[in-house]
Amino acid sequence: MKCFERLIRDFITCSLPDTLDPLQFAYHPNHSTEDTIAHLHRTALSHLDSRKGNYVKMLFVDYSSAFNTIIPSILSTKLEILDLSPSLCQWISNFLMDRPQAVRVGKHVSPSLTLSTGAPQGCVLSPLLYSLYTYDCVVTSSSTDIIKLSRGWCNQPNVSSTPDLPDLETIYSKRCWTKARKIMKDLSHPNNGLFSLLWSGKCFRSLKANTEKMRRSFFPQAIRTLNQNT
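Throughout the sequence shown, residue numbering follows the working numbering, covering 22 to 251 in sequence.
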């Protein structure tokens with residue numbers, strides 16, 4: 022079943038425009054937590070840097086069991102607005118509705134319960150369906166951004182015994198260069214337009230920074246690192 026879900030997921034992804042929900046950093050290739058922080062940091066610093074007296078307000082909202090909030094009928098309507106075929110919308114609706122679930126503990130199994138809301142946890146399609154369910158949650162003011170992110174877990178490797186570990190500045194410069202190259206190749210990335218070549222075609226245009234904090238933030242440093250390695 023998961024193989025079939027992957028086919029459906031890839032088909033839906035290919036049918037969607039690259040410009041759909043550009044600030045959706047969850048469940049999106051090359052849009053990691055690192056990209057989210059860099060974008061949020063630059064957005065805030067750019068506003069503070071533009072005029073003295075400016076300030077930034079941030080509101081963080083955490084949805085618990087987000088996949089369980091999907092209502093299939095509402096999702097189906099949104100998919101139709103995105104011009105997905107009626108047969109595909111109907112298949113997704115049938116996939117999410119009348120799902121039997123039970124709990125097994127050892128040899129004991131609970132009575133079955135039928136669910137018609139939400140998307141299954143661990144399902145290949147669930148992250149994409151939730152992204153599409155929330156794609157129209159957008160701002161109505163040019164001075165506001167809504168950035169969407171999914172929480173995740175990562176395992177930190179134990180580097181205490183690693184010999185000849187480079188210094189932090191070298192590690193950071195290399196990481197800046199690698200991340201900047203990925204953003205430049207991804208035209209759908211919300212910060213792709215920050216990397217523009219000068220008329221010579223050899224160096225990138227520096228970003229304006231009125232304060233030291235802005236100058237030392239990720240994107241200005243990434244551009245300086247790229248120019249140093251050209």
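All C-beta atoms in this analysis are idealised placements derived from N, C-alpha and C, irrespective of residue type, glycine included.
Please read all numbers here as calculations on a predicted model, not as lab measurements.
Residue i classed as buried or exposed, judged by whether at least 16 other C-beta atoms fall within 10 angstroms
i: residue 238; result: buried
i: residue 22; result: exposed
i: residue 129; result: exposed
i: residue 240; result: buried
i: residue 235; result: buried
i: residue 93; result: buried
i: residue 154; result: buried
i: residue 167; result: exposed
i: residue 157; result: exposed
i: residue 84; result: exposed
i: residue 123; result: exposed
i: residue 189; result: exposed
i: residue 76; result: exposed
i: residue 192; result: exposed
i: residue 244; result: buried
i: residue 134; result: exposed
i: residue 81; result: exposed
i: residue 169; result: buried
i: residue 204; result: buried
i: residue 173; result: Low per-residue confidence applies at residue 173: pLDDT is 48, beneath 50, and the placement is therefore not dependable, though the value from the model is reported in the following sentence. Looking at its Cβ environment, which holds fewer than 16 other Cβ atoms inside 10 Å, residue 173 is exposed.
i: residue 246; result: buried
i: residue 200; result: buried
i: residue 56; result: buried
i: residue 32; result: exposed
Residue(s) in a DSSP beta bridge with residue i
i: residue 138; result: Answer by DSSP bridge pairing: none, since residue 138 is not bridged.
i: residue 169; result: 45
i: residue 121; result: 135
i: residue 129; result: 126
Nearest-angstrom Cβ-Cβ length linking residue i and residue j, presumed shorter than 8 Å
i: residue 42; j: residue 209; result: In fact, because the Cβ distance is near 10 Å, the residues do not count as touching under 8 Å.
i: residue 242; j: residue 197; result: 6 Å
i: residue 194; j: residue 45; result: With a Cβ gap of about 29 Å, residue 194 and residue 45 do not count as contacting.
i: residue 15; j: residue 137; result: For residue 15 there is no data in the structure shown, the boundaries of the chain being 22 and 251.
The ligand NAP heavy atom lying under 7 Å from the CB of residue i
i: residue 165; result: As far as ligands go, the structure on display features none, and thus does not contain the ligand NAP.
For the pair the segment 57-76 and the segment 212-231, tell me if three or more CB-CB distances fall below 8 Å. yes
Are at least three pairs of beta-carbons, each pair with one atom in the segment 130-146 and one in the segment 25-33, less than 8 Å apart? yes
For a minimum of 4 consecutive residues, which ranges assigned as the alpha helix (DSSP H) are wholly contained in the segment 179-226? 189-206
Taking three-plus beta-carbon pairs below 8 Å as touching, is the segment 113-127 in contact with the segment 80-99? yes
Please list the segments of the beta strand (DSSP E) lying wholly inside the segment 25-106, counting only runs of 3 or more residues, in order along the chain. none
Below 8 Å, can you find three or more Cβ-Cβ pairs linking the segment 129-142 to the segment 80-91? Contact holds: three or more Cβ-Cβ distances are below 8 Å.
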